[in-house]
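Asker: Convert by adding 538 to the 1-based position in the sequence shown; the result is the number in the numbering used here.
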Amino acid sequence: MAAAIANALLEQEKKVLMTDFARISNISKFDAEEYVKSLDSYSLLVIDDLGAEQDSEFALQNIGNVIKRR
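1. Output needed for L588: all residues of its chain with C-beta closer than 6 Å, excluding positions within five of it in sequence on either side, in chain order.
2. What does a CB cutoff of less than 7 Å around D578 pick up in its chain, not counting 5 residues either side in sequence?
3. According to DSSP, is I605 helix, strand or coil?
4. Alpha carbon to alpha carbon, how far is I601 from D569?
5. Should I565 and Y573 be called a contact, given that it needs their Cβ atoms to be closer than 8 Å?
So, in structure tokens, the structure goes:
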């Protein structure tokens with residue numbers, strides 16, 4: 539369903555990013571703030587596999603920061 543919504547927005551020339559929890563959780567402490575800010579430019583952010591992995595407190599903080607900014 540998320541892919542269908544993403545495709546519909548892409549047809550309207552909106553910026554869409556599909557990523558997964560592992561990619562966000564693997565961002566280094568030094569790059570995290572810049573990466574989270576870069577996600578602001580997307581109309582839709584789809585995060586796949588959210589909750590599928592058990593990660594560190596830092597990883598959960600990263601994903602929390604992404605969600606708060608949205």
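Backbone N, C-alpha and C fix where the C-beta goes; we use that ideal spot for every residue, glycine too.
Answerer: Reading off the structure:
1. On the sequence shown, residue 588 is found 50 positions in, with the first residue counted as 1. These residues qualify, in order along the chain: F559.
2. As a first step, residue 578 is located in the sequence shown; it is residue number 40 there, counting from the start. Here the set comprises R607.
3. Along the sequence shown, one-based indexing puts residue 605 at 67. Reduced to three states, the DSSP call for I605 is helix.
4. Along the sequence shown, one-based indexing puts residue 601 at 63. Along the sequence shown, one-based indexing puts residue 569 at 31. The straight-line gap from Cα to Cα measures roughly 13 Å.
5. Translated into the one-based positions of the sequence shown, residue 565 becomes position 27. Translated into the one-based positions of the sequence shown, residue 573 becomes position 35. In contact: I565 and Y573 (Cβ atoms closer than 8 Å).
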